[in-house]
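Enquirer:
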Amino acid sequence: MEITTQDAYKQQWQNCLATNGAVAHNTNGFDRISYCRHQYSSDQLWELQLQSGLHLEWIDDNYHRNLRVRTEHGADIPLVAKFYLSGKQGVFCPGIPGVPTEYCEAAGQSYFFALPNIEEEEISLANQRVQFLRIYIEPNFFQTLGFDLASLPALLRRTLESGDRQPHRFHQALGKMTPAMQVALQQILQCPYRHTTKRLFLESKALELLALQLEQWLVLEQGEQPSVNLKATDIEHVHEAADILLKELSHPPSIIALAHRVALNEHKLKIGFRQVFKTTVFGYVRAQRLERARQLLLAGDVTVTQAALAVGYISQGHFAAAFRKQFGVNPRSLRQ
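Quick note on numbering: my numbering labels position 282 of the sequence shown as 615, and the sequence is numbered without any gaps.
#1: Taking the C-alpha atoms as reference points, what is the distance between N395 and Q422?
#2: Under DSSP, the alpha helix (DSSP H) around I647 begins and ends at which residues?
#3: Could you spell out the range, first to last residue, of the alpha helix (DSSP H) harbouring K603?
#4: Check this for me: beta carbons of P312 and E471, under 8 Å apart or not?
#5: Given a cut-off of 8 Å on the beta-carbon distance, is the pair L466 and L518 in contact?
#6: How many whole angstroms separate the CB atoms of A655 and R619, which I take to be in contact at a CB cut-off of 8 Å?
#7: Using the three-state DSSP reduction, which class does V672 fall into: helix, strand or coil?
#8: When DSSP builds the beta bridges, which residues end up paired with E380?
#9: Count the other C-beta atoms from every protein chain shown that fall within 10 angstroms of the C-beta of D376, then say buried if there are 16 or more, exposed otherwise.
#10: Check whether the Cβ atoms of G645 and L582 sit closer than 8 Å, and answer yes or no.
#11: Quick test of the definition: if touching needs 3 or more C-beta pairs under 8 Å, does the segment 392 to 406 touch the segment 336 to 350?
#12: Rounding to the nearest angstrom, what Cα-Cα distance links H501 and H570 in this structure?
#13: If you reduce the DSSP assignment to three classes, tell me which class A596 lands in.
#14: Could you tell me whether the segment 648 to 667 touches the segment 526 to 541, using the rule of 3 or more Cβ pairs below 8 Å?
#15: Expressed to the nearest angstrom, what Euclidean distance is found between the alpha-carbon atoms of R365 and T529?
#16: I need the DSSP call for N395, collapsed to helix, strand or coil.
#17: Buried or exposed: Q347, going by 16 or more other Cβ atoms within 10 Å of its Cβ?
#18: Determine the DSSP secondary structure at E455, reduced to helix, strand or coil.
#19: Taking DSSP as the reference, what is the three-state secondary structure of P449?
#20: Looking at the secondary structure, which residues open and close the alpha helix (DSSP H) in which G428 lies?
#21: Spatial neighbours of R462 within its chain, please: C-beta separation below 6 Å, excluding the five flanking residues on both sides.
#22: Within the continuous alpha helix (DSSP H) that includes K343, where are the two ends?
#23: Go through its chain and collect everything with a Cβ distance to N399's Cβ below 6 Å, but skip five positions before and after it.
#24: Return the residue from the list L547, L591, Q639, G431 that minimises the CA-CA distance to R668.
#25: Quick one: Cα of L383 to Cα of P486, how far?
#26: Considering only C-alpha positions, which residue in the set C437, R532, L488, Q345 is nearest to P430?
#27: Identify which residue in E541, R491, H593, F503 has its Cα closest to the Cα of A513.
As structure tokens, this is what we get:
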């Protein structure tokens, strides 16, 4: 099997694209679709620059020759969420804590990873069609969403908290994609809208996929821990924690601080919210924030921007996407 570097492969791809490929530049003002057939495969690449810090790629490759691509990752690389619809790729990547040197990414599965300062080789075998959606997320993107980092899975939280000082390296296999993920993926691929409406729709679906994946990750993380039997007093403390969150929705305390205030350990608090409210602490805060914003908008006394800020959303775009997902309508429609 031939081995090539990522830079050499990209250059070959660009050369092929220039001679016998096709490019639809900025088909909706924010995306680009490229088609190309070269010595290894026939490819379609759909690239979308969504809101700041969020980039989406759809890859559809038909391989007619084995290919092994070696990539040198630097320190300044984004987080990646990856969803496979067909095919599989082998990966050789020594140096990821808790992950085998060789592993496989396959159809029907999803993954979340960050691989700074490491060498990786991806192996694609001939006679298969590989299709996957890849979402690139800049680390500071999560801070703009208006929620506490402590509500995120531990691996991701440590990565974001480390910042530029010592980038954390991980690869988290999240198992089979849920039906909701499958639906969101198909809605992205079959989006009926155009121009600005299309971009808003795709942003909301990308955020939905991230939310579904993070929720699956939290469930997986909790399932790896010993079960906890909550006492009646523990349940009371969980309700007390919920009351605190309702009173401090615009600036909620971290999970660690919240657990301390209600005299529960962090694990019991997380388990308690799942048992009592059927959601995570983050999910509870998000739902209550959006409901409060809805009430403010229905009262007619605030603008959409004011409602978003009142419940802790810094970005109006993130607020609008979350609102549409929760209630099925644009927040602006409640002002009309």
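A virtual CB, placed ideally from N, CA and C, is assigned to each residue, including glycine.
Expert: So, to answer that:
#1: 12 Å
#2: Careful: I647 lies outside any alpha helix (DSSP H) and carries neither H nor E.
#3: 599 to 610
#4: The question about residue 312 has no answer, for the chain in this structure spans 334 to 669.
#5: yes
#6: 7 Å
#7: This structure cannot settle anything about residue 672, because the visible part of the chain is limited to 334 through 669.
#8: R365, E390
#9: buried
#10: yes
#11: yes
#12: 34 Å
#13: coil
#14: yes
#15: 15 Å
#16: strand
#17: exposed
#18: strand
#19: coil
#20: No alpha helix (DSSP H) contains G428, which DSSP labels as neither H nor E.
#21: N395, S419, G420
#22: 339 to 353
#23: M334, L458, A459
#24: Q639
#25: 24 Å
#26: L488
#27: E541
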